[in-house]
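Protein chains in written order, with the numbering used here: chain A, 4 to 319; chain B, 269 to 495. For every residue, glycine included, the Cβ atom is placed at its ideal position computed from N, Cα and C. These notes concern the structure reproduced below.
Shown next as structure tokens:
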């Protein structure tokens, strides 16, 4: 029992420690593909460190929401981390507190507060970015729902630990068409949700074209650091759900020994590294979609997930 | 003893997987905006069709299904795209936007409804067949036919319409291979050759249209004109 709580805490620490690294590697590889040298992979750590040592400026016109939001954005991915398999293949202490849908709701709470905070300061770019994020959000929501329904229908559960076991026992389950289609739909969702390139350009500095970034423009000092770190952790958590639950449920610790848990850390990071390679290829080979084309992108994701459901429902 | 069973179940899953991806490419022909992208999707679909024939060949241990797979691979994923690329000039493929009657999200929703309709359409037939391959392939094949017909209806451009007709043929083939796996090879050969000729003729026709009218936007050609 205490063991499992301890492992849960280790999971959280791993997510907190390595989330900026994943961002750093992603940025570096993207620049490398464009034949630039790119920033060091530890740059996000330095940014966060620097921001923590700076003074924070808060507008007098803003309300408590603006001040509370960085903490909410920072804490919500940590809560989700407690629910999902990051390092272990067996359920940990908090695993049955909430299912994947619950995790989705918790992440959405962070997004909700970020939106409110962006509107709160009345910075002209904040509400614009906020409303765009909401647009992407409500288009992504039905896809999320159908993906979860399909997954829970196929695996007979929405608890990620059980779902993850289902795909590989027996191995033939892995090649189920509904599984592959759900994977595709979820990949498109991650791209939309994390603001990666066909939907949003995370490296852009042009406020009028921003979707996700402009919500945090008003933050400085500690608030900015927390928002940045929280964003990185959210990305890491999404990757963990995608890789550990849906795509490659291998390489997780099966035993209770501490050494096994620690061994799982590099394996999980390796998986994430390979996925980041794929993501970099996707990001470098597509152009950013125009705002009203995002409907088509997420419509395609929706159709994919519905196809997965249909095939599963009607095949037997 | 359990070995053939495991192979069989893996074959079933792989076949279902090609079926799922086939359906996805059929969605792709509806959703793609560029002419070149929809041609590429068609190539992918043909490769999946060949893979499905190959898996069925593994299942039935029949040589001629392998031959069908080979013929499909050669004609549909190499020769037909080559012909379509050669008969039409590059300007048609360089265009990024295909005009269509309905916008793409609406089309996608209609297409989902069509797929469900295909499943219901094939359900009385499926109650007769008891083979797992037929069960997964027949509805997807019918969905492929319907989706191809939808592409022909909705697009206003000649080349994507040709691709729609060809993907209809792909759907029919996908269902047909699984139902009548004992079809004589000569029939398959004739069908493959037929498609090749059709693609060639349609390509030439489109080329003529393009030369005469200066566009392949056939949606605007509603009335005959005399010079």
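The alpha helix (DSSP H) enclosing residue i, as first and last residue numbers
| i | result |
| --- | --- |
| residue 91 (chain A) | No alpha helix (DSSP H) contains residue 91 (chain A), which DSSP labels as neither H nor E. |
| residue 327 (chain B) | 303-328 |
| residue 58 (chain A) | Where residue 58 (chain A) is concerned, there is no enclosing alpha helix (DSSP H), given that its DSSP letter is neither H nor E. |
| residue 439 (chain B) | 426-447 |
| residue 37 (chain A) | Element bounds for residue 37 (chain A): n/a, residue is neither H nor E. |
| residue 282 (chain A) | 261-288 |
| residue 123 (chain A) | 103-123 |
| residue 166 (chain A) | 163-171 |
| residue 191 (chain A) | 180-196 |
| residue 308 (chain A) | 297-317 |
| residue 337 (chain B) | 331-342 |
Beta-carbon proximity check, residue i vs residue j, cutoff 8 angstroms
| i | j | result |
| --- | --- | --- |
| residue 237 (chain A) | residue 86 (chain A) | no |
| residue 313 (chain A) | residue 383 (chain B) | yes |
| residue 266 (chain A) | residue 256 (chain A) | yes |
| residue 205 (chain A) | residue 216 (chain A) | yes |
| residue 17 (chain A) | residue 95 (chain A) | no |
| residue 480 (chain B) | residue 356 (chain B) | no |
| residue 147 (chain A) | residue 192 (chain A) | yes |
Coil, strand or helix - residue i by DSSP
| i | result |
| --- | --- |
| residue 50 (chain A) | helix |
| residue 368 (chain B) | strand |
| residue 256 (chain A) | strand |
| residue 475 (chain B) | helix |
| residue 485 (chain B) | strand |
| residue 354 (chain B) | helix |
| residue 423 (chain B) | strand |
| residue 208 (chain A) | coil |
| residue 136 (chain A) | helix |
| residue 223 (chain A) | coil |
| residue 44 (chain A) | coil |
| residue 454 (chain B) | helix |
| residue 148 (chain A) | helix |
| residue 64 (chain A) | coil |
| residue 291 (chain A) | coil |
| residue 97 (chain A) | coil |
| residue 269 (chain B) | The predicted model places residue 269 (chain B) with a pLDDT of 41, which falls under 50 and marks its position as unreliable; any figure quoted below should be read in that light. In the structure shown, residue 269 (chain B) sits in coil (DSSP, three-state: anything other than H, G, I, E or B). |
| residue 251 (chain A) | coil |
| residue 159 (chain A) | coil |
| residue 359 (chain B) | helix |
| residue 462 (chain B) | helix |
Environment of residue i [buried if 16+ CB atoms lie within 10 Å]
| i | result |
| --- | --- |
| residue 374 (chain B) | exposed |
| residue 159 (chain A) | exposed |
| residue 359 (chain B) | exposed |
| residue 482 (chain B) | exposed |
| residue 208 (chain A) | exposed |
| residue 239 (chain A) | buried |
| residue 269 (chain B) | Because the pLDDT of residue 269 (chain B) is 41, which lies under 50, any placement of that residue in the model is unreliable, and the question is left without a value. |
| residue 253 (chain A) | exposed |
| residue 5 (chain A) | exposed |
| residue 286 (chain B) | buried |
| residue 284 (chain A) | exposed |
| residue 64 (chain A) | exposed |
7 angstroms CB neighbourhood of residue i in its chain, flanking five on each side removed
| i | result |
| --- | --- |
| residue 443 (chain B) | 405, 406, 409, 410 |
| residue 403 (chain B) | 394, 397 |
| residue 428 (chain B) | 303, 306, 366, 419 |
Proximal residues to residue i (C-beta, below 8 angstroms), its chain only, five neighbours per side dropped
| i | result |
| --- | --- |
| residue 424 (chain B) | 366, 367, 368, 369, 485, 486, 487, 488 |
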